[in-house]
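Q: For the numbering used here, count along the sequence shown from 1 and bump the result up by 23.
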Amino acid sequence: MLRGRRAIRGYAWRMSQPPAPKPPGEHHPALVLEHLEPSAPAAGVAELVEGFGLWERPAAPAARPRLLLNMLSTADGRATLAGRSGTISGPADRALFHALRAPVDGILVGAGTVRMERYGRIIPDAAVRELRRERGLTPEPLACIVSGRLDLGEEIPLLREPDAHIAVLTASRASLAHSDATVDYVRAGNGQLDLAAALAELAERFAIQTLLCEGGPHLARELLARGLVDELFLSLAPLLAGGEPSGGEALRILAGAELEPPAGLELLDVLRSDSYLFLRYGVSAA
């Protein structure tokens with residue numbers, strides 16, 4: 024369960040009553056909306072993740088990992104405030120963030136997010152590391168960092184963690200100057216990172232079968248554009264932020280060129296805690 028006995032309440036869809044028949048001569052199609060009603064007891068995040076099937080693995084390894092995208096947004100679409108996502112996060116969102124890390128083989132994240140959020144140890148809780156061992160996984164997921172220039176900075180806590188295992192996904196031939204962590208390189212592409220080839224190499228070299236992407240918005244957009252995302256976990260914070268930074272538009276959960284065509288979504292789950300909403304979607308290739 025969440026700390027402080029917080030829980031995420033599940034909801035299911037129920038068809039509302041159809042509207043009354045229209046008078047003769049009116050041929051507009053009847054609009055029927057679906058109504059949310061509580062149908063399941065509140066559940067802790069560990070139970071929810073178990074129900075999502077994230078601990079399961081395919082009988083035969085796939086050519087690329089199953090990729091889950093986990094993003095957070097205000098109700099008016101802001102992905103960050105003052106440059107960071109932590110400013111719009113709440114207790115339930117943070118609990119779900121860590122719970123989604125527990126069953127996966129790797130965490131995928133852009134270098135800018137690693138710098139801005141000052142990434143540290145992926146699984147800080149020793150009990151969760153032991154649970155992963157019991158279920159046949161490595162103590163911690165492989166930290167997969169997408170970086171073009173390898174401009175990470177030695178002060179980032181994750182790079183100073185001796186028990187961390189990092190894979191840098193890059194098209195560069197350069198290497199990090201120093202790190203206390205174990206660092207491997209996945210070099211794919213000529214001048215620009217080939218994300219599809221990099222993910223295929225993660226599966227082949229490191230047995231990564233489930234990969235959780237935590238952003239940022241530019242990386243999320245590139246993954247969707249290449250049809251590499253299988254599920255989206257979207258947390259909606261009960262905040263309206265407005266505003267634009269002086270340097271340009273505020274970041275949304277996707278940044279960059281418009282997807283043509285847009286990626287389609289299929290709603291799989293709707294959950295809530297207090298006024299936060301948690302949406303889980305299946306993703307169709309853009």
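Beta carbons are placed, not taken as given, at the ideal position from N, Cα and C, and that holds for glycine.
(1) For the candidate residues Val68, Ser307 and Leu235, whose alpha-carbon lies nearest to that of Leu282?
(2) For Arg124 and Ala53, what's the separation of their Cα atoms in angstroms?
(3) Mapping DSSP to helix, strand and coil, what is His188?
(4) What ranges does the alpha helix (DSSP H) occupy inside the region 161-220, keeping only unbroken runs of at least 4 residues that lie completely in it?
(5) Per DSSP, Met94 is paired with what?
(6) Under three-state DSSP, which class holds Thr233?
(7) For Arg28, I'd like the list of residues in its chain whose CB is within less than 6 Å of its CB, leaving aside the five on either flank, ordered along the chain.
(8) In the DSSP assignment, what residue or residues form a beta bridge with Leu302?
(9) Within a Cβ cutoff of 8 Å, which residues of the same chain sit near Ser202, ignoring the five residues on either side of it in sequence?
(10) Give the DSSP bridge partners of Arg89, in chain order.
(11) With a Cβ-Cβ cutoff of 7 Å, do Ser296 and Leu95 count as a contact?
(12) So, under 8 Å CB-CB, Val127 and Leu234 are touching, yes? Tell me the CB distance rounded to an integer number of Å.
(13) Who are Val132's beta bridge partners in DSSP?
(14) What first and last residue would you give for the alpha helix (DSSP H) that runs through Val151?
(15) Which residue wins for smallest C-alpha separation from Leu255, given the options His241, Leu291 and Glu224?
(16) Spatial neighbours of Tyr299 within its chain, please: CB distance less than 8 Å, with the 5 preceding and 5 following residues excluded, ordered by chain position.
(17) So what does DSSP say about Leu54, is it helix, strand or coil?
(18) Going by DSSP, what residue range makes up the alpha helix (DSSP H) through Phe120?
(19) Which same chain residues end up closer than 6 Å to Gly212 when comparing Cβ atoms and leaving out the 5 residues on each side of it in sequence?
(20) Applying the criterion that 16 or more other CB atoms from any shown protein chain within 10 Å of the CB defines a buried residue, is Leu97 buried or exposed?
A: Let's see:
(1) In the sequence shown, the residue the question calls residue 282 occupies position 259. Nearest of Val68, Ser307 and Leu235 to Leu282, Cα basis: Ser307.
(2) The residue you call residue 124 lines up with position 101 of the sequence shown. The residue you call residue 53 lines up with position 30 of the sequence shown. Rounded to whole angstroms, Arg124 to Ala53 spans 44 Å at the Cα level.
(3) One-based indexing of the sequence shown puts residue 188 at position 165. In the structure shown, His188 sits in a strand (DSSP, three-state: E or B).
(4) With a minimum length of 4 residues, no continuous alpha helix (DSSP H) run stays inside the region 161-220.
(5) Here residue 94 is taken as the residue at index 71 of the sequence shown, counted from 1. Leu257.
(6) Position 210 of the sequence shown, counted from the first residue, corresponds to residue 233. DSSP, reduced to helix, strand and coil, places Thr233 within a strand of the structure shown.
(7) Here residue 28 refers to the residue found at position 5 when the sequence shown is read from its first residue. Because the pLDDT of Arg28 is 33, which lies under 50, any placement of that residue in the model is unreliable, and the number read from its coordinates should be weighed accordingly. Counting only Cβ-Cβ distances below 6 Å, and skipping sequence neighbours, we find nothing.
(8) Position 279 of the sequence shown holds residue 302. The partner list for Leu302 (beta bridge, DSSP) reads Leu257 and Val293.
(9) Walking along the sequence shown from the start, residue 202 turns up at place 179. Excluding residues within five positions, the ones whose Cβ falls inside 8 Å are Glu177, Leu182, Arg183 and Ile189.
(10) Within the sequence shown, the letter at position 66 stands for residue 89. Under the DSSP definition of a beta bridge, Arg89 partners with Thr233.
(11) Position 273 of the sequence shown holds residue 296. Position 72 of the sequence shown holds residue 95. Cβ atoms of Ser296 and Leu95: not closer than 7 Å.
(12) Taking the first residue of the sequence shown as 1, we reach residue 127 at position 104. Taking the first residue of the sequence shown as 1, we reach residue 234 at position 211. Their Cβ separation, rounded to whole angstroms, is 7 Å, which keeps Val127 and Leu234 in contact under 8 Å.
(13) For the purposes of this step, residue 132 is taken as the residue at position 109 of the sequence shown. According to DSSP, which records beta bridges pairwise, Val132 is partnered with Ile168.
(14) Within the sequence shown, residue 151 is the residue found at index 128, counting from 1. Boundaries of the alpha helix (DSSP H) harbouring Val151: Ala149 to Glu157, taken from the DSSP string.
(15) Mapped onto the sequence shown, residue 255 falls at position 232. Distance from the Cα of Leu255 is smallest, within the candidate group His241, Leu291 and Glu224, for Leu291.
(16) Numbered from its first residue, the sequence shown carries residue 299 at position 276. Around Tyr299: Gly113, Ala115, Asp116, Ser258, Leu259, Ala260 and Pro261.
(17) Taking the first residue of the sequence shown as 1, we reach residue 54 at position 31. In the structure shown, Leu54 adopts coil according to DSSP, grouped into three states.
(18) Residue numbering aside, residue 120 sits at position 97 when the sequence shown is read from its first letter. That run of the alpha helix (DSSP H) goes Pro114 to Arg124.
(19) Locating residue 212 in the sequence shown gives position 189, where the first residue counts as 1. Hits under 6 Å: Ala194.
(20) Position 74 of the sequence shown, counted from the start, is the residue given in the question as residue 97. Note on identity: in this sequence residue 97 is Thr, with Leu being the wrong assignment. By the neighbour-count definition (other C-beta atoms within 10 Å, threshold 16), Thr97 is a buried residue.
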